[in-house]
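Novice: Protein chains in written order, with the working numbering: chain B, 1 to 337; chain U, 338 to 867. Below you will find the structure I want to go over with you.
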């Protein structure tokens, strides 16, 4: 097991280096540096531009800037935002809990609804149940997140008035300082009556929007995997033994069908991160997706580089974790490579 | 099914709770983004200025909803006869806010004024380098070139000495960069080794004090009970940071906020029809224009520039691009600014005459470029569409224009370098002084166009007027000069003046006394909720 983990970890190292290089270069390829971008119609005199560039170290050759950057990262320094002058890590840690909270809620929703939906569709293969569920899954999978989010806001918040439009909590009724950054936990810690339910109400729509695509993917994957397993001899044997349908499907078939589903769930983490950028924008959710978009438009190099590197690090780590989990469920792959 | 019903019941329950009575008077403003920090001396965006505005005061200020300069922390000021000395008499008994890190021991006085300006001005000031200290506005408004000295005469008198007389400086001092901060707080934070706290945990004299800021989520303020102008009518002011305009409107409709910034133009009709909302509007302090580059023939010929003015159908642009949310521009300054010349006669749309004039000037089948900016600006919501319309109008008089665009930063840089022939741009005023618009056509003493003068057009008479008017403090004399400059401008036609756009702000009916600022500010002192 340890050998397997080490092997997997070793593969991630070049990924990291490549990531550092790509994020560093990409943002610099976009025209306009942080100083020019914040200037309005007034523009800036060449002398002043030179002076400010020098102060920010932007007049150094790019390779020099890159080496400095790598050196600092190796020393655990992700830099300071050009805009807010806060440490990038501090900003990231302030905002990241909101993204995790939203992503976990979305994933929970996707798993809790997606797996049963896939199982039902597989067991009732070819029936209207199957067609309806898979039709819905295909629609969900093709849904443009931005449009879907606005539609839900208009219907549930605007027309029905059931859910709040955006944000994480009612700003007038509840006020408490963040402790963990997770609103559900902080609202419980605050001891303010109704705060937890209010936070939950704020979480529902964004979680649905972000969870829609993973939900559809998981449902489809579960269905096809289940169909395959249901054909297996051991399932037929279990049926022949006279086991209840619940035991046959729930224990004998589903457990084996879940192996590819777990991998799919792992792969959805990147989908969640990408989707979070849009979802956070629509719902004014103060997470890292929102922050990265802003950093791009302001050419906040350190924030963007640091932010992407931190997120990628987390995604890589989670994938490693999923691999390990997978190797526990399916010991064969430990020896495969 | 039961679970679904339970969940629905729980949701409904909380919705009803949410509708309960509010205790203190609060107002939620749906703003569009997070501030860079809370010091307007180093910030550059309207979002950041709005977030800090309630916290601070300036020596002189803009009357809410106007560009009129009124007394602020200075009760009054006087300008010497030679126009080079301005004496400010400071208000007494003005209190600073306090926080968990700082309790003020004294009232506002001249030391605070000196600190606030010297930090931006003097490179050796201990605070000059704090928080990246670029002081863009202080430099942009040419303060280092204007100031000779700032001296404290006594605790409540400050004297500004200028290198040359400059009337617009008073309007400059009402701008956000001229915010007055606490010298005592700055000293305390410097001693504590945390000078950047001054910019992040603000202490000001303004009507609202900062309670809490959570990046990308919310800014909370409470009314400062000891405010020198009297306590604000609302107790709690909340900025709900909501980047998406459609989400802002949905929040406004759901009463999750009561005032919002920047609606989508497409939503204006629906907002007008909503009985719960008021759509406020105000002529914006801006101008959109098409500049014709004097250094690129044949645009050095006055007749060609005039012909372009006659070839483009402005009325169509107003309808198509502004969709009624603007008024056609004939002068380089908007009508909300004093000295605006009503007498100016705009060029009529007359393609036949334009064709004749081009022919007379010896210009036929002219190939040119036409630059459009890649972003929506307050003065020009859709430059691409506008450029296409202009292109088709110009084609009708035999001018073949190729459309060009670059990334926004690059675009401005290249326009300033004068690479274009025809280029769209515009300007939003900083302080309501006419000089703040006319300088866009300014030139140096030796007749070279300034960087912002993208028409690269220099007229001695026009430029002499610009320079002379700065030295005069008499408004009537300045007006006469500016009116003459508008006459020269129209005759010489370095720009095709397009429009002054209208600013819209939807608010809920419960909000009383909210005023739309021509300067694009969002101010809540004096606002009430029913």
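Backbone N, C-alpha and C define an ideal beta-carbon position, used for all residues, glycine too.
Which value, in whole angstroms, describes the spacing of the CA atoms of residue 160 of chain B and residue 527 of chain U?
Specialist: For this step, residue 160 of chain B is matched to residue 160 along the first chain. For this step, residue 527 of chain U is matched to residue 190 along the second chain. Spanning the two alpha carbons is a distance of roughly 54 Å.
Novice: Where DSSP assigns a beta bridge to residue 577 of chain U, which residues make up the other side?
Specialist: Within the second chain, the letter at position 240 stands for residue 577 of chain U. U:367, U:555.
Novice: Express the C-alpha separation of residue 305 of chain B and residue 35 of chain B in angstroms, rounding to a whole number.
Specialist: The count along the first chain starts at 1 and reaches residue 35 of chain B at position 35. The count along the first chain starts at 1 and reaches residue 305 of chain B at position 305. Those two C-alpha atoms are separated by around 17 Å.
Novice: Can you look up residue 74 of chain B in the DSSP assignment and give me helix, strand or coil?
Specialist: Here the question's residue 74 of chain B lines up with position 74 in the first chain. DSSP places residue 74 of chain B in helix when its eight states are reduced to three.
Novice: Going by DSSP, what residue range makes up the beta strand (DSSP E) through residue 425 of chain U?
Specialist: Within the second chain, residue 425 of chain U is the residue found at index 88, counting from 1. Residues 422-427.
Novice: Under 6 Å Cβ to Cβ from residue 358 of chain U, same chain only, skipping five residues before and after it: list those, please.
Specialist: For this step, residue 358 of chain U is matched to residue 21 along the second chain. Note that residue 358 of chain U scores 43 on pLDDT, short of 50, meaning its location in the model is unreliable and no value can be drawn from it.
Novice: For the alpha helix (DSSP H) that residue 103 of chain B lies in, which residues bound it at each end?
Specialist: Position 103 of the first chain, counting from 1, holds the residue named residue 103 of chain B. Residue 103 of chain B -> alpha helix (DSSP H) spans 88-123.
Novice: Check the Cβ-Cβ distances between residue 310 of chain B and every residue of chain U, and say whether any is below 8 Å.
Specialist: If you number the first chain from 1, residue 310 of chain B lands on position 310. Not closer than 8 Å to any Cβ of chain U, the Cβ of residue 310 of chain B fails to qualify, so no.
Novice: Would you identify the three-state DSSP class for residue 201 of chain B, choosing helix, strand or coil?
Specialist: Translated into the one-based positions of the first chain, residue 201 of chain B becomes position 201. Reduced to three states, the DSSP call for residue 201 of chain B is helix.
Novice: Should residue 906 of chain U and residue 364 of chain U be called a contact, given that it needs their Cβ atoms to be closer than 8 Å?
Specialist: Limits of chain U in this structure are 338 at one end and 867 at the other, which puts residue 906 of chain U out of reach.
Novice: If you compare alpha carbons, which of B:323, B:138, B:260, B:314 is closest to residue 273 of chain B?
Specialist: Along the first chain, one-based indexing puts residue 273 of chain B at 273. For the residues B:323, B:138, B:260, B:314, the minimum Cα distance to residue 273 of chain B belongs to B:314.
Novice: Can you say whether residue 101 of chain B is buried or exposed, counting buried as having 16 or more other CB atoms within 10 angstroms of its CB?
Specialist: By one-based count along the first chain, residue 101 of chain B stands at place 101. Label assigned to residue 101 of chain B: buried.
Novice: Exposed or buried, residue 17 of chain B, counting other C-beta atoms within 10 Å across all chains shown (16 or more means buried)?
Specialist: Here residue 17 of chain B refers to the residue found at position 17 of the first chain. Exposed: under 16 other Cβ atoms inside 10 Å.
Novice: Closest Cβ-Cβ distance between residue 762 of chain U and chain B: below 8 Å?
Specialist: Within the second chain, numbered from 1, the residue matching residue 762 of chain U stands at position 425. It does; some Cβ of chain B falls within 8 Å.
Novice: Suppose only complete runs of 4+ residues qualify. What are the alpha helix (DSSP H) ranges in the region 793-820 of chain U, listed by chain order?
Specialist: Within the region 793-820 of chain U, the complete alpha helix (DSSP H) runs of at least 4 residues are 797-808.
Novice: CA-CA distance, residue 132 of chain B and residue 120 of chain B?
Specialist: On the first chain, residue 132 of chain B is found 132 positions in, with the first residue counted as 1. On the first chain, residue 120 of chain B is found 120 positions in, with the first residue counted as 1. Approximately 11 Å between the Cα atoms of the pair.
Novice: Whose C-alpha, out of B:240, B:232, B:264, B:295, is nearest the C-alpha of residue 325 of chain B?
Specialist: If you number the first chain from 1, residue 325 of chain B lands on position 325. Comparing Cα-Cα distances from residue 325 of chain B to each of B:240, B:232, B:264, B:295, the minimum goes to B:264.
Novice: So residue 551 of chain U and residue 178 of chain B are supposed to be a Cβ contact under 8 Å. How far apart are they, rounded?
Specialist: Indexing the second chain from 1 puts residue 551 of chain U at position 214. Indexing the first chain from 1 puts residue 178 of chain B at position 178. About 7 Å separates the two Cβ atoms, so the contact holds.
Novice: Does the CB of residue 359 of chain U have a neighbour CB from chain B at under 8 Å?
Specialist: In the second chain, the residue the question calls residue 359 of chain U occupies position 22. Annotation note: pLDDT 45 at residue 359 of chain U (below 50); position unreliable, coordinate value reported separately. So, interface residue.
Novice: Can you list, in chain order, the residues of the region 206-225 of chain B whose Cβ is nearer than 7 Å to any Cβ on chain U?
Specialist: Taking 7 Å as the Cβ-Cβ cut-off against chain U, none of the residues of the region 206-225 of chain B qualify.
Novice: Tell me the DSSP secondary structure of residue 700 of chain U in three-state form.
Specialist: The count along the second chain starts at 1 and reaches residue 700 of chain U at position 363. Coil, per DSSP.
Novice: With DSSP run on the structure shown, which of helix, strand or coil describes residue 598 of chain U?
Specialist: Residue numbering aside, residue 598 of chain U sits at position 261 when the second chain is read from its first letter. Coil at residue 598 of chain U, not helix or strand.
Novice: Can you give me the C-alpha to C-alpha distance between residue 496 of chain U and residue 421 of chain U, rounded to a whole angstrom?
Specialist: Taking the second chain and counting its residues from 1, one reaches residue 496 of chain U at position 159. Taking the second chain and counting its residues from 1, one reaches residue 421 of chain U at position 84. Answer to the nearest angstrom: the Cα atoms are 10 Å apart.
Novice: Please list, in chain order, the chain U residues whose beta carbon lies closer than 7 Å to that of residue 42 of chain B.
Specialist: Working through the first chain from its first residue, we reach residue 42 of chain B at position 42. Those are 477, 789, listed as they occur along chain U.
Novice: 8 Å is my cut-off, CB to CB: does residue 428 of chain U come that close to chain B?
Specialist: Residue mapping note: residue 428 of chain U aligns to position 91 of the second chain, counting from 1. Closer than 8 Å: no.
Novice: Report all residues from its chain with a CB closer than 7 Å to the CB of residue 470 of chain U; omit the five preceding and five following residues, and keep chain order.
Specialist: Your numbering for residue 470 of chain U matches position 133 in the second chain. Excluding positions up to five away in sequence, the list reads 379.
Novice: In the region 544-575 of chain U, which residues sit with their C-beta less than 9 Å from some C-beta in chain B, listed in chain order?
Specialist: Answer set for the region 544-575 of chain U: 548, 549, 551, 552, 553, 554, 555, 557, 573, 575.
Novice: So the candidates are U:450, U:817, U:750; which of them puts its Cα closest to the Cα of residue 494 of chain U?
Specialist: Translated into positions along the second chain, residue 494 of chain U becomes position 157. Among U:450, U:817, U:750, the Cα nearest to that of residue 494 of chain U is on U:450.
Novice: For residue 63 of chain B, count neighbouring C-beta atoms within 10 Å of its own C-beta (all shown protein chains included) and say buried if the count is 16 or more, exposed if not.
Specialist: Here residue 63 of chain B refers to the residue found at position 63 when the first chain is read from its first residue. Classification of residue 63 of chain B: exposed, given that the 10 Å Cβ count is below 16.
Novice: When you compare the CB of residue 290 of chain B with every CB in chain U, is at least one pair closer than 8 Å?
Specialist: For the purposes of this step, residue 290 of chain B is taken as the residue at position 290 of the first chain. Taking Cβ atoms only, chain U reaches closer than 8 Å to residue 290 of chain B, which makes this a yes.
Novice: As a quick exercise: from U:794, U:405, U:812, U:457, pick the residue whose alpha carbon is nearest that of residue 628 of chain U.
Specialist: Counting from one through the second chain, the residue named residue 628 of chain U turns up at place 291. Comparing Cα-Cα distances from residue 628 of chain U to each of U:794, U:405, U:812, U:457, the minimum goes to U:794.
Novice: Would residue 246 of chain B be called buried (16 or more neighbouring beta carbons within 10 Å of its own) or exposed?
Specialist: Residue mapping note: residue 246 of chain B aligns to position 246 of the first chain, counting from 1. Under this definition residue 246 of chain B is an exposed residue.
Novice: Classify residue 639 of chain U as helix, strand or coil using the three-state DSSP reduction.
Specialist: Taking the second chain and counting its residues from 1, one reaches residue 639 of chain U at position 302. Helix at residue 639 of chain U.
Novice: Using beta carbons (cut-off 8 Å, strictly below), is residue 469 of chain U in contact with chain B?
Specialist: Translated into positions along the second chain, residue 469 of chain U becomes position 132. Yes - at least one Cβ of chain B is within 8 Å of the one on residue 469 of chain U.
Novice: Which residues in the same chain have their Cβ closer than 7 Å to the Cβ of residue 392 of chain U, if we skip the five residues on either side of it in sequence?
Specialist: Taking the second chain and counting its residues from 1, one reaches residue 392 of chain U at position 55. Once the five neighbours on either side are set aside, the close Cβ partners of residue 392 of chain U are 375, 539, 541, 543, 545, 546, 547.
Novice: Three Cβ pairs or more, each shorter than 8 Å: is that satisfied between the region 207-215 of chain B and the region 99-119 of chain B?
Specialist: Yes: the two stretches touch, three or more of their Cβ pairs being nearer than 8 Å.
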